[in-house]
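**Student:** Here you go, one structure.
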Amino acid sequence: MERHFDEELNDLKHRLMKMCALAETMIGDAIKALVQRDAAVLPAILQHEAEVNRLQVEIDEACFRMIALRQPTASDLRFILGAAKTNTDLERLADQAVNIANKAERLLQYTPLKQFVIIPQMTEIARGMVRDSLHAYVNRQPEKAREVIQRDVQLNTLKKAINAEMLEFMKSDAATVPYALDIVLVAHNLERIGDHAKNIAENAIFVVEGKDIRHGGEPNRWAD
Amino acid sequence: MSENVITVSKLDLWYGAFQALIGVNMGVEKQKITALIGPSGCGKSTLLRTLNRMNDLIPGVKITGEVLLEGQNIYAPGVDVCALRANVGMVFQRPNPFPLSVWDNVAFGLKVAGQRGGPQVEEIVERSLRGAWLWDNVKDKLDHSALELPLDQQQRLCVARLLAVEPNVILMDEPCSALDPIATAKIEELMLELVKKYTIVIVTHNMQQAARISDYSGYMLLGEMIEFDETSRIFTSPKDKRTDDYISGRYG
């Protein structure tokens, strides 16, 4: 039986997907500004951020209202709790894109130390994780969510590689420190985006299987 | 250590040619509230009524399998059904006090058992009315007709009537469906108090009521026990999709 409640749940999904698409665009544009030295894309990032913030408030309100009025249980309850948490992660990862954009604006004043290789790789992985974790959540695909969680390791490895590379520049020439330090922070921002995507993937598993797998999770007392 | 007061095993029940219960297994834990939920006609009231042999009264009923009450099969030959129903009492959907005084309603079971009156009966009547949270409401009108009481007080009088004969198990068949939310809340609070001493099995159509008050829930569908588990699991992460669909209102 199709319920009116399902329309509200679908609306919640669509808002989360819209928020995710905005966040993904923001990450792409922030890195584009940095790598392609294109400051023109920066203003749009702030506009998108305002939209993301608005959606965050709307989604929280919708979750709050549904819990109060619909008194959801079982898979509905897990989906709504998951949406409230996913909402927070999407907003925070969008903030990371803004952080990257701020650094990009500063970095454009400098001549790059070398051609960007690892940062674009990290960006592709991070954006893919964001997109796929949200798909796994709204489409209830725990296998896909588990696969997203695996990808987080690659981001951590690449971040360490950037840190090592920038440390060498800083050791050899103190004048590179302001630039190299910001690149380290950009890599850190991308790594944090991956962490938020991982949280969303964990929410997806909770929604489908009712299992909390966070923190290397002991299966909860009900897990089969 | 958990202890089952009632153990239902492989219970089949037919009304004539219609099989209303199919291979039902269930354990009812001592001093816990067990809720039976499911759509109309799923067999939950039938199952409840097998626990004190109320179905015996219906012509054409056939029952196989076992219902153990503290280890004894209540369907074994020679079981005293009156004693069974004193031990396993029932509260119904509509309050059904006798058209007698408040006092006589509570003392009725004692009279049937041969106690005519005296200080002991007085003590039991007062204790039962206090146990059903009714004493303060009725202590000055014990000789009034029970039918003059508001509905929720009538329902609590029915509970007091049970308590007088000192049951171990109380069966409740949608005890709040005729009551408004405030009266319902009173009965629910009373159940949470009673369960400190008694074991309760309740049939309810009110899903939120099952979630609020029960420790265990059984979801029934077309005569089968689909899922039986801790209520906190049934309402957050049921194992069976049919349970999930029913409690979230998709089924139907």
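Chains as they are written, first to last, in our numbering: chain A, -16 to 207; chain B, 108 to 359. The beta-carbon is built from N, C-alpha and C at its ideal position, and this holds for glycine as well.
1) Of all the options A/19, A/10 and A/48, which has the alpha carbon lying nearest to the alpha carbon of residue 31 of chain A?
2) Between the Cα of residue 7 of chain A and those of A/75, A/21 and A/165, spot the shortest distance and give me the residue it belongs to.
3) Given a cut-off of 8 Å on the beta-carbon distance, is the pair residue 297 of chain B and residue 268 of chain B in contact?
4) So, for residue 207 of chain A: in the same chain, excluding its five sequence neighbours on each side, which residues have a beta-carbon less than 8 Å away from its beta-carbon?
5) By the 8 Å beta-carbon criterion, what residues does the stretch 310 to 339 of chain B contribute toward chain A?
6) For the alpha helix (DSSP H) containing residue 172 of chain B, list its first residue and its last residue.
7) Rounded to whole angstroms, what is the Cα-Cα separation between residue 195 of chain A and residue 189 of chain A?
8) For residue 302 of chain B, does the three-state DSSP call read helix, strand or coil?
9) Measure the C-alpha to C-alpha separation of residue 67 of chain A and residue 198 of chain A and round it to an integer number of angstroms.
10) Which same chain residues, not among the five before or five after residue 89 of chain A, have their C-beta less than 7 Å away from its C-beta?
11) Would you identify the three-state DSSP class for residue 117 of chain B, choosing helix, strand or coil?
12) On a CA-only basis, which of B/339, B/109, B/274 and B/123 is nearest residue 166 of chain B? Give me that one, please.
13) Have a look at residue 16 of chain A and residue 49 of chain A and give me their C-alpha separation to the nearest angstrom.
14) Which partner residues does residue 180 of chain B have in the DSSP bridge list?
15) What does a CB cutoff of less than 6 Å around residue 211 of chain B pick up in its chain, not counting 5 residues either side in sequence?
16) Skipping 5 residues on each side, what residues in its chain have a beta carbon closer than 8 Å to that of residue 354 of chain B?
17) When Cβ atoms are compared, which residues of the stretch 143 to 167 of chain B fall closer than 8 Å to chain A?
18) Got a sec, what are the start and stop residues for the beta strand (DSSP E) residue 276 of chain B sits in?
19) May I ask which residues mark the beginning and end of the alpha helix (DSSP H) holding residue 259 of chain B?
20) As a quick exercise: from B/164, B/125 and B/180, pick the residue whose alpha carbon is nearest that of residue 115 of chain B.
21) Would you call the stretch 235 to 245 of chain B and the stretch 285 to 292 of chain B in contact, with 3 or more CB pairs under 8 Å?
22) Keeping to the same chain, check which residues put their C-beta closer than 7 Å to that of residue -11 of chain A; ignore five residues upstream and five downstream.
23) Check whether the Cβ atoms of residue 181 of chain A and residue 132 of chain A lie closer than 8 Å to each other.
24) Output the distance between the C-alpha atoms of residue 337 of chain B and residue 321 of chain B, rounded to the nearest integer angstrom.
25) How far does the alpha helix (DSSP H) with residue 238 of chain B in it extend, from its first residue to its last?
26) How many whole angstroms separate the CB atoms of residue 141 of chain A and residue 104 of chain A, which I take to be in contact at a CB cut-off of 8 Å?
27) Need the endpoints of the beta strand (DSSP E) that residue 326 of chain B sits in, please.
28) Enumerate in chain order the residues of its own chain whose CB-to-CB distance from residue 329 of chain B is below 7 Å, with the five nearest sequence positions on each side excluded.
29) At the level of alpha carbons, what is the spacing between residue 299 of chain B and residue 284 of chain B?
30) Round the Cβ separation of residue 316 of chain B and residue 295 of chain B to the nearest angstrom and send it over; I've been treating them as touching at under 8 Å.
31) Are the beta-carbon atoms of residue 72 of chain A and residue 183 of chain A separated by less than 8 Å?
32) Quick one: measure Cβ to Cβ for residue 108 of chain A and residue 137 of chain A, integer angstroms, because I've assumed they're closer than 8 Å.
33) Three-state secondary structure (DSSP) at residue 39 of chain A?
34) Which residues in chain A have a C-beta closer than 9 Å to the C-beta of residue 351 of chain B? List them in chain order.
35) Is there at least one Cβ from chain B nearer than 8 Å to residue 193 of chain A's Cβ?
36) To the nearest whole angstrom, what separates the beta carbons of residue 253 of chain B and residue 208 of chain B, a pair I think is in contact under 8 Å?
**Tutor:** The relevant details are as follows:
1) Your numbering for residue 31 of chain A matches position 48 in the first sequence. That would be A/10, whose Cα lies nearest to the Cα of residue 31 of chain A.
2) The sequence position of residue 7 of chain A within the first sequence is 24, counting from 1. The option with the nearest alpha carbon to residue 7 of chain A is A/75.
3) Counted from its first residue, the second sequence places residue 297 of chain B at position 190. Counted from its first residue, the second sequence places residue 268 of chain B at position 161. It is not a contact, given that the beta carbons lie outside the stated cut-off.
4) In the first sequence, residue 207 of chain A corresponds to position 224, counting from 1. With a pLDDT of 49 at residue 207 of chain A, under the threshold of 50, the modelled position of that residue is not reliable, and the figure given next carries that caveat. No residues qualify anywhere along the chain.
5) 314, 315 and 318
6) For the purposes of this step, residue 172 of chain B is identified with residue 65 of the second sequence, where counting begins at 1. No alpha helix (DSSP H) holds residue 172 of chain B; the beta strand (DSSP E) holding it covers 168 to 176.
7) Indexing the first sequence from 1 puts residue 195 of chain A at position 212. Indexing the first sequence from 1 puts residue 189 of chain A at position 206. Straight-line Cα distance between these residues: approximately 6 Å.
8) By 1-based counting over the second sequence, the position of residue 302 of chain B is 195. Note: residue 302 of chain B maps to coil in three-state DSSP.
9) The sequence position of residue 67 of chain A within the first sequence is 84, counting from 1. The sequence position of residue 198 of chain A within the first sequence is 215, counting from 1. Taking the straight line joining both Cα atoms gives about 19 Å.
10) Indexing the first sequence from 1 puts residue 89 of chain A at position 106. The answer, listed in chain order, is 165.
11) For this step, residue 117 of chain B is matched to residue 10 along the second sequence. It is a strand residue.
12) One-based indexing of the second sequence puts residue 166 of chain B at position 59. Of the listed residues, the one whose Cα sits closest to residue 166 of chain B is B/123.
13) Translated into the one-based positions of the first sequence, residue 16 of chain A becomes position 33. Translated into the one-based positions of the first sequence, residue 49 of chain A becomes position 66. One C-alpha to the other measures close to 40 Å.
14) Along the second sequence, one-based indexing puts residue 180 of chain B at 73. Paired residue(s): B/175.
15) Along the second sequence, read from residue 1 onward, the residue named residue 211 of chain B stands at position 104. Answer for residue 211 of chain B: no residue qualifies.
16) Translated into the one-based positions of the second sequence, residue 354 of chain B becomes position 247. Same-chain partners within the cutoff: 144, 314, 326, 341, 342 and 345.
17) none
18) Along the second sequence, one-based indexing puts residue 276 of chain B at 169. Per DSSP, residue 276 of chain B belongs to the beta strand (DSSP E) from 276 to 280.
19) The sequence position of residue 259 of chain B within the second sequence is 152, counting from 1. Segment 258 to 271, the alpha helix (DSSP H) holding residue 259 of chain B.
20) As a working note, residue 115 of chain B is residue 8 in the second sequence. The shortest Cα separation from residue 115 of chain B among B/164, B/125 and B/180 belongs to B/180.
21) no
22) Reading the first sequence from its first residue, position 6 is the one you call residue -11 of chain A. Closer than 7 Å at the Cβ level, and outside the excluded window around residue -11 of chain A, lies no residue.
23) The residue labelled residue 181 of chain A in the question sits at position 198 within the first sequence. The residue labelled residue 132 of chain A in the question sits at position 149 within the first sequence. Yes, Cβ-Cβ distance for residue 181 of chain A and residue 132 of chain A is below 8 Å.
24) To locate residue 337 of chain B, count along the second sequence from 1; it is residue 230. To locate residue 321 of chain B, count along the second sequence from 1; it is residue 214. Cα to Cα, residue 337 of chain B sits roughly 9 Å from residue 321 of chain B.
25) Your numbering for residue 238 of chain B matches position 131 in the second sequence. 226 to 238 is the span of the alpha helix (DSSP H), which, as asked, contains residue 238 of chain B.
26) Here residue 141 of chain A refers to the residue found at position 158 when the first sequence is read from its first residue. Here residue 104 of chain A refers to the residue found at position 121 when the first sequence is read from its first residue. Residue 141 of chain A to residue 104 of chain A, Cβ: 6 Å. Contact.
27) One-based indexing of the second sequence puts residue 326 of chain B at position 219. Segment 323 to 328, the beta strand (DSSP E) holding residue 326 of chain B.
28) Here the question's residue 329 of chain B lines up with position 222 in the second sequence. 149, listed in sequence order.
29) In the second sequence, the residue the question calls residue 299 of chain B occupies position 192. In the second sequence, the residue the question calls residue 284 of chain B occupies position 177. Computed Cα separation, rounded: 18 Å.
30) Position 209 of the second sequence holds residue 316 of chain B. Position 188 of the second sequence holds residue 295 of chain B. About 7 Å; that satisfies the 8 Å criterion.
31) Here residue 72 of chain A refers to the residue found at position 89 of the first sequence. Here residue 183 of chain A refers to the residue found at position 200 of the first sequence. Yes; because the gap between Cβ atoms is below 8 Å, this pair is in contact.
32) Here residue 108 of chain A refers to the residue found at position 125 when the first sequence is read from its first residue. Here residue 137 of chain A refers to the residue found at position 154 when the first sequence is read from its first residue. With 8 Å as the limit, residue 108 of chain A and residue 137 of chain A qualify as a contact, their Cβ atoms being about 6 Å apart.
33) Locating residue 39 of chain A in the first sequence gives position 56, counting from the first residue. Residue 39 of chain A falls in the helix class under three-state DSSP.
34) To locate residue 351 of chain B, count along the second sequence from 1; it is residue 244. In chain order: 56, 57, 58 and 59.
35) Taking the first sequence and counting its residues from 1, the one referred to as residue 193 of chain A is at position 210. Answer yes: the Cβ-Cβ gap between residue 193 of chain A and chain B drops below 8 Å somewhere.
36) Position 146 of the second sequence, counting from 1, holds the residue named residue 253 of chain B. Position 101 of the second sequence, counting from 1, holds the residue named residue 208 of chain B. Confirmed, about 7 Å.
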